[in-house]
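These notes are about the structure you will find just below.
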Amino acid sequence: MPHSPIIDAPTAIAGHEEGHLTFLDASWYLPAEPRDPSKEFLNARIPGARRFDFDGEFAETMSALPHMLPSAAEFTQRAQALGLNENDSIVVYDTAGLFAAPRAWWMLRAMGHDQVCVLDGGFPAWRAAGGPVASGPPEPARPGNFTARPEPSRLMDAKILLSGLPTGRHHIIDARPAARFAGTAPEPRPGLRSGHIPGAVNLPFDQLVDDGKLADLAKVRAKFDGATDAAAVVMTCGSGVTAAILAWSYEVAFGRPAAVYDGSWAEWGSNDGLPIETGPSEVS
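Numbered continuously in the working numbering, the sequence shown closes out at residue 479.
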């Protein structure tokens, strides 16, 4: 399989039939949504798929921030336990269509695995295209030989981001809704300030999604106008999930990576020592 960040349902179904793809269900919902993705995985999934829980098993256990990327050693251990291998061609998907899967894609890319893509349209597209569906407990995974080799260019932290603010070194794009970005709507997580990182521009992630799939590439490229010539593009959001949608979309559109600020507003908005701005600044 080519190392493209995206795969459509018919191609994924053909690869499944040939047996050369590894499927990961990375479904996740916002805390306010009364749904359990792990239970849904048992009820219906792509046959042979494994559950990639980035909010639990693949989250940094020592961090107070939500679903932070774990260390390379921890990621390696958990990926091997899930049965992932060095040469696996991985397809990640979610039950929403296009929401959580790019987070899993970004985590695997940040840990050095380049043979990974997102199923465009997710499980709904799979079912609509006639793909087979399995249910019940999955087969136990054989331990794999996956070894994490971190790519630092894909990961941004608050210290580096702060150091670049005076010079505008980073082109920062925020995936949150416009009202949260502007500071006119409260954050869903308690204890966070309202606003955005100084100099950031706003591109709500849903502007890149059309009926559960990535929007037309011409539209996607137009939405990123102004970021195409930037040397260092950084995506941020509330907690690093929808920022990954931006990073994935950017790589699909332009063939080059953007970094994700993993702590995102959950970290920046909770630290009174970090500067903020309010007001709109939306990508046209």
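Ideal Cβ positions, reconstructed from N, Cα and C, are used throughout, including at glycine.
DSSP places R273 within a helical segment (H, G or I) once states are collapsed to three. R246 is not a Cβ neighbour of D283, given a cutoff of 7 angstroms. Scanning the segment 225-297 from its first residue to its last, the whole beta strand (DSSP E) runs of 3-plus residues come out as 285-288.
One thing to note: T271 has its Cβ within 7 angstroms of the Cβ of A343. In its chain, beyond the 5 residues on either side, E382, L387 and R388 have a beta carbon closer than 7 angstroms to the beta carbon of G464. Taking 7 angstroms as the cut-off, the beta carbon of A336 is found closer than this to the beta carbon of L277.
For F449, the enclosing alpha helix (DSSP H) covers residues T437 to F449. Excluding the 5 residues flanking it on each side, P297 has same chain C-beta neighbours closer than 6 angstroms at V313, A439, I440 and W443, in chain order.
G407 is not a Cβ neighbour of G390, given a cutoff of 7 angstroms. In this structure, the alpha-carbon of R230 lies about 11 angstroms from that of T290.
According to DSSP, H391 shares a beta bridge with E472.
Burial is judged here by how many other beta carbons sit within 10 angstroms of a residue's own beta carbon; P361 has fewer than 16 and is exposed. Sixteen is the threshold: when 16 or more other Cβ atoms of the shown chains lie within 10 Å of the Cβ of R375, as they do, the residue is buried. Taking C-beta atoms as the reference points, R349 and R416 fail to come closer than 7 angstroms. For K234, there are no CB contacts under 6 angstroms within the same chain when 5 residues up- and downstream are skipped. A254 and S222 have their C-alpha atoms spaced approximately 14 angstroms apart.
For G307, same chain residues with a beta-carbon under 7 angstroms away, outside a window of 5 residues either side, are A343, R344, P345 and E346 in chain order. Rounded to whole angstroms, the gap between the alpha carbons of A209 and Y456 is 35 angstroms.
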